[in-house]
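Asker: Protein chains in written order, with our numbering: chain A, 4 to 226; chain B, 4 to 226. Think of the CB as a built atom: it goes at the ideal place given N, C-alpha and C, for glycine as much as any other residue.
Number of protein chains: 2
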Amino acid sequence: MMLRLISKLPDNYTNLREFMQKKRSRIQIINQQKVLDAGTEIFAKYGFRGGTIDQIAELAGMSKPNLLYYFKSKKDIYLAVLEQTLNKWMQNLMEWQVTGTPEEIISNYIDKKFEFSRDHADGSRVFANEILEGAPILKTLLGEDLKRLVGEKTRVIKGWVKEGLIKPIDPIHLIFMIWAVTQHYADFSAQIETLTGKTLDDDKFYKQAKKTATQIILDGVLK
Amino acid sequence: MMLRLISKLPDNYTNLREFMQKKRSRIQIINQQKVLDAGTEIFAKYGFRGGTIDQIAELAGMSKPNLLYYFKSKKDIYLAVLEQTLNKWMQNLMEWQVTGTPEEIISNYIDKKFEFSRDHADGSRVFANEILEGAPILKTLLGEDLKRLVGEKTRVIKGWVKEGLIKPIDPIHLIFMIWAVTQHYADFSAQIETLTGKTLDDDKFYKQAKKTATQIILDGVLK
DNA sequence: AATATTTTTTATCACATGGTAAAATTTTTT
DNA sequence: AAAAAATTTTACCATGTGATAAAAAATATT
Numbered sequence: 004m005m006l007r008l009i010s011k012l013p014d015n016y017t018n019l020r021e022f023m024q025k026k027r028s029r030i031q032i033i034n035q036q037k038v039l040d041a042g043t044e045i046f047a048k049y050g051f052r053g054g055t056i057d058q059i060a061e062l063a064g065m066s067k068p069n070l071l072y073y074f075k076s077k078k079d080i081y082l083a084v085l086e087q088t089l090n091k092w093m094q095n096l097m098e099w100q101v102t103g104t105p106e107e108i109i110s111n112y113i114d115k116k117f118e119f120s121r122d123h124a125d126g127s128r129v130f131a132n133e134i135l136e137g138a139p140i141l142k143t144l145l146g147e148d149l150k151r152l153v154g155e156k157t158r159v160i161k162g163w164v165k166e167g168l169i170k171p172i173d174p175i176h177l178i179f180m181i182w183a184v185t186q187h188y189a190d191f192s193a194q195i196e197t198l199t200g201k202t203l204d205d206d207k208f209y210k211q212a213k214k215t216a217t218q219i220i221l222d223g224v225l226k
Numbered sequence: 004m005m006l007r008l009i010s011k012l013p014d015n016y017t018n019l020r021e022f023m024q025k026k027r028s029r030i031q032i033i034n035q036q037k038v039l040d041a042g043t044e045i046f047a048k049y050g051f052r053g054g055t056i057d058q059i060a061e062l063a064g065m066s067k068p069n070l071l072y073y074f075k076s077k078k079d080i081y082l083a084v085l086e087q088t089l090n091k092w093m094q095n096l097m098e099w100q101v102t103g104t105p106e107e108i109i110s111n112y113i114d115k116k117f118e119f120s121r122d123h124a125d126g127s128r129v130f131a132n133e134i135l136e137g138a139p140i141l142k143t144l145l146g147e148d149l150k151r152l153v154g155e156k157t158r159v160i161k162g163w164v165k166e167g168l169i170k171p172i173d174p175i176h177l178i179f180m181i182w183a184v185t186q187h188y189a190d191f192s193a194q195i196e197t198l199t200g201k202t203l204d205d206d207k208f209y210k211q212a213k214k215t216a217t218q219i220i221l222d223g224v225l226k
């Protein structure tokens, strides 16, 4: 299931649609990806308002007009970055197992979230920046697709509570807790690195962080 | 204990020092506070790079040159906002009780952090933005004052583990977990509001969030 | 009330930033 | 190899943004 953020935007929002849908040449594929990668890195640090086309162009190793040949505006770059990021983020949530014990399902989801924080730290930060700005672009999408998905998950957890499989906790806050903890390692990595000298790229640190978080949450939730 | 971020900056960084230290007139006190408040709100949303003096001036209800009469540059406003915010943030950590059971101390700290997220949501977001940008200004301070403070706390928690008062968990990750969860409600309030229709300003929601987080963490940590 | 001081406004400025047009170059197709 | 199509570069431009100078207005001091 793809989110197709771009196709859900109002018509006046962007011409990105046709731009991305056309069959793309070899060079286009390479360079659009370069821009997307650079854009992700810049928007992760500075957000939409704070990031500049010049920064992205330099990081992508091309001139500004050349970059604008691939994406016709800053907003188009941002939308493409957001779409890519959000798809990965939602993918993660959608991979939430449907069978298994609460322990298996929760620890597996925490696993996946930690993986995401390590492997897509910039994506996580792009997302964080978008939310900090008030989620101007994502608001609608979050209120539809994500809300539905989260609704499904809370119902599952509520079921566990009713069946007495886990302690009586509020499902939505458990989900927020998992998001908070896992994303913290990506979004606040600058602080974490300053305090510990480590990031999730350090495998020992990664395992220790995951182990501690998983242990506390499971022990806090399981009976 | 005040952090005095500004006085710790290299000389070439700012003239804010003398500016803030002079005895201030009635109007100065009022207007500097107006700017600080507006600056906090703008930088919370857009970060340092993304926020503009014009936005701050408009929100503060004064002209741009007038604003620049009170703070001589955008960076000066940002530094003052950061100092104010960071002082509050560290205050919170310093209020960590020194006596009591692990249960009391941890739940009390979570309490204080939730209070902060509710009462200083914009400050929390300013802080988040600074970290996302790579903590260019705060890095040194975090590596000194905060590191020392955190070191104290981890030693306390390690003591609890040794004495068998709590489960064997890694103290630093417990602290990160508490920060993550509590700050998430401030930093991601846009997402939370979209999903639940509520924010921490809703007292019932506030209590439920705090209760769930506290319960899971305590149950996850206490023996 | 007159004077000194502080605050606000008006008028600018230089540089940054998003974006465009058109020529030059490179790549692909025939 | 020539023609067509795609890509890159060069040269701009309008607006946004941080910042300043100096005059005008308001406030405080004598």
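If the criterion is Cβ atoms closer than 9 Å, does the pair A:N183 and B:V184 meet it?
Answerer: The sequence shown places Ala at residue 183 of chain A, rather than the Asn named in the question. Contact: yes.
Asker: Can you tell which of B:N132, B:T55 and B:E61 has the C-alpha that lies nearest to the C-alpha of B:L1?
Answerer: An answer regarding residue 1 of chain B cannot be provided, because it is not within the stretch 4 to 226 covered by chain B.
Asker: Counting C-beta neighbours from all protein chains within 10 Å, is the total for A:V129 16 or more, i.e. buried, or is it exposed?
Answerer: buried
Asker: Would you kindly work out how many angstroms separate the C-alpha atoms of B:I32 and B:V38, rounded to a whole number?
Answerer: 10 Å
Asker: What would DSSP say about B:I140, mapped onto helix, strand or coil?
Answerer: coil
Asker: Would a C-beta distance cut-off of 9 Å place A:D57 and A:K67 closer than the cut-off?
Answerer: yes
Asker: By Cβ distance, which residues of its chain are closer than 8 Å to A:A212, with the 5 residues on each side in sequence left out?
Answerer: F117, Y188 and L203
Asker: Under 9 Å, Cβ to Cβ, is there at least one residue of chain A near B:T88?
Answerer: Not an interface residue.
Asker: Which two residues bound the contiguous alpha helix (DSSP H) that contains B:T217?
Answerer: Segment D206 to V224, the alpha helix (DSSP H) holding B:T217.
Asker: Please classify A:I30 as buried or exposed, where buried requires at least 16 other C-beta atoms within 10 Å of its C-beta.
Answerer: exposed
Asker: Under 8 Å Cβ to Cβ from A:I169, same chain only, skipping five residues before and after it: list those, please.
Answerer: P105, I160, W163, V224, L225 and K226
Asker: Report the three-state DSSP secondary structure of B:I160 (helix, strand or coil).
Answerer: Residue state, collapsed to three classes: helix.
Asker: On a CA-only basis, which of B:T215, B:T157 and B:I140 is nearest B:D79? Give me that one, please.
Answerer: Of B:T215, B:T157 and B:I140, the residue nearest in Cα terms is B:I140.
Asker: List the residues of chain A whose Cβ lies closer than 7 Å to the Cβ of B:N132, in chain order.
Answerer: L135
Asker: Going by Cα to Cα distance, which pick from A:A63, A:K77 and A:F119 is closest to A:T55?
Answerer: A:K77
Asker: Given a cut-off of 9 Å on the beta-carbon distance, is the pair A:F179 and B:F119 in contact?
Answerer: no
Asker: Out of B:K207, B:E44 and B:S110, point me to the one whose CA is closest to B:D125's CA.
Answerer: Of B:K207, B:E44 and B:S110, the residue nearest in Cα terms is B:E44.
Asker: Going along chain A, which residues have a C-beta under 9 Å from B:R52?
Answerer: K48, Y49, G50, R52, G53, G54 and T55
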